[in-house]
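Peer 1: Each residue of the sequence shown is one higher than the one before, counting from 71 in the numbering used here. Glycine included, each C-beta is placed from N, C-alpha and C at the ideal position. Dropping the structure in here first, questions after.
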Amino acid sequence: PSEAAVAALTAKREQQRLRQARDLAHAALRADTRDGRHIEVSANIASLAEAEQGMSLGGEGVGLLRSEFLYLERSSAPSHDEQVATYSAIARAVGPDYNLVVRTLDVGGDKPLAYVPMEPEANPFLGMRGVRLCLERPELLREQFSAILASADLTRLHIMLPMITQVSELRLARQLLEEQAQRLGITRLPKLGIMIEVPAAALMADVFAPEVDFFSIGTNDLTQYTLAMDRDHPRLASQADSFHPAVLRLIATTVKAAHAHGKWVGVCGALASESLAVPLLVGLGVDELSVSVPLIPTIKARVSELEFKDCQVLAQQVLGLESAEQVRAALQPSQTANVAHSLVLEN
């Protein structure tokens, strides 16, 4: 490469380094927009080490604990004591002032357990996954609820159910949770919410909202199921884009339904970790962004650069577009600056 190209690359890397240093320096501050809307930025984790790192980087709790890390790649189920010790250690790392959202076991045909025999499925992504498997084998859910409940006094405990599509599934899981809590002498239940990761749940968010304490939107699966595209397909992966307006409209529908019933909404899928998506998600009214641990300072800094009212206008404009490409183009900094400028002129 030419000297000019090398110099340009060096300058770009230095800018990135300075930006990362600036974000890290402000990581302990609240993630508030410039006009005062607070966005909770929390961590997606799958280990105690990640919980500790997330809190040290300014995370406001854990928005997604992938509990299946305890179950995968082993020949037998984790013991009750092992589960209790793990959840309790993570709860202590998060502390009493922040949320710890534990997603119940999310395994199935695409993530099999060696010690839970399952028949082969032609399409595991549409088969026995998540809460479906656990309700079919309720001993799995009972044992996990019992272990999770042991950390109820250590943190602001939340339990989240994956792959919910029926209100009856939610009610049955809640019944199992209440039974385990009663057996343990626990009178104050943790908050219970569901993942919004299939279109059915998003479209019926107004029905689910009165029966939950919160929603968390899993944009990875929501995108895959909405667009009918395998996100790992070699020729389709690039089109399985969470910026697609259909996915964004489902997010908007979910937020509207939740807020109408006084419930909060998080996003824990990969979209929450994309700086480009932050103004859009903020504008759609999302209350929490649960992100990859190393990106916590970056996402918090991005929130602090925004005006909530500008984000709201931008979000409404984007919902009327027809493709993910158009949405991405509209979210480029030069375009979002134009939105802010037009608001100034109007006022």
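Starting from the N-terminal side, write out each stretch of the beta strand (DSSP E) that is 3 residues or longer and does not extend beyond the segment 112 to 200.
Peer 2: With a minimum length of 3 residues, the continuous beta strand (DSSP E) runs that stay inside the segment 112 to 200 are 132 to 136 and 169 to 173.
Peer 1: One question on the structure: do R107 and F378 come within less than 8 angstroms of each other, judged by their Cβ atoms?
Peer 2: Yes, Cβ-Cβ distance for R107 and F378 is below 8 angstroms.
Peer 1: Counting along the chain, where does the beta strand (DSSP E) carrying F285 start and finish?
Peer 2: Start and end: F284 to I287.
Peer 1: Assign K370 to buried or exposed, taking buried as 16 or more other Cβ atoms, counted over all protein chains shown, within 10 Å of its Cβ.
Peer 2: Buried, since its Cβ has 16 or more Cβ neighbours within 10 Å.
Peer 1: What alpha helix (DSSP H) runs, 4 residues minimum, are completely inside the segment 247 to 285?
Peer 2: Qualifying alpha helix (DSSP H) stretches, in chain order: 269 to 273 and 275 to 278.
Peer 1: Would you report the Cα separation of D311 and G390, rounded to the nearest angstrom?
Peer 2: Spanning the two alpha carbons is a distance of roughly 17 angstroms.
Peer 1: Run the CB neighbour count on D223, radius 10 Å, all protein chains shown included, and call it buried at 16 or more, exposed below.
Peer 2: Classification of D223: exposed, given that the 10 Å Cβ count is below 16.
Peer 1: Is the Cβ-Cβ distance between A347 and V361 less than 8 angstroms?
Peer 2: Not in contact: A347 and V361 (Cβ atoms no closer than 8 angstroms).
Peer 1: Select from E191, A217, V172 and R241 the residue whose C-alpha is nearest the C-alpha of Q205.
Peer 2: Note on identity: in this sequence residue 205 is Leu, with Gln being the wrong assignment. When only C-alpha atoms are compared, the closest one is R241.
Peer 1: Tell me the residue span of the alpha helix (DSSP H) that contains G353.
Peer 2: Counting along the chain, the alpha helix (DSSP H) containing G353 begins and ends at V348 to G353.
Peer 1: Tell me whether H228 sits in a helix, a strand or coil according to DSSP, three-state version.
Peer 2: H228: strand per DSSP, three-state reduction.
Peer 1: Out of M274, A220 and I115, state which residue places its alpha-carbon closest to the alpha-carbon of I256.
Peer 2: Of the listed residues, the one whose Cα sits closest to I256 is A220.
Peer 1: Just to confirm, are L384 and G355 a CB contact at a threshold of 8 angstroms?
Peer 2: No, they are not a contact pair.
Peer 1: Quick one: Cα of V63 to Cα of P349, how far?
Peer 2: Shown here, the chain extends from 71 to 417; a query on residue 63 therefore has no answer.
Peer 1: Give me the residue from H303, G288, D176 and P182 with the minimum Cα distance to E143.
Peer 2: Closest option to E143, Cα to Cα, is P182.
Peer 1: Note down the Cα distance separating A192 from T103, rounded to an integer number of angstroms.
Peer 2: For A192 and T103, the distance between alpha carbons rounds to 47 angstroms.
Peer 1: If we count the other Cβ atoms within 10 Å of its Cβ and call it buried at 16 or more, is A119 buried or exposed?
Peer 2: Label assigned to A119: exposed.
Peer 1: Quick one: Cα of I366 to Cα of R173, how far?
Peer 2: Rounded to the nearest angstrom, the two C-alpha atoms are 20 angstroms apart.
Peer 1: So L306 packs on V268, CB below 8 angstroms; how close in whole Å?
Peer 2: Not a contact, Cβ separation roughly 18 angstroms.
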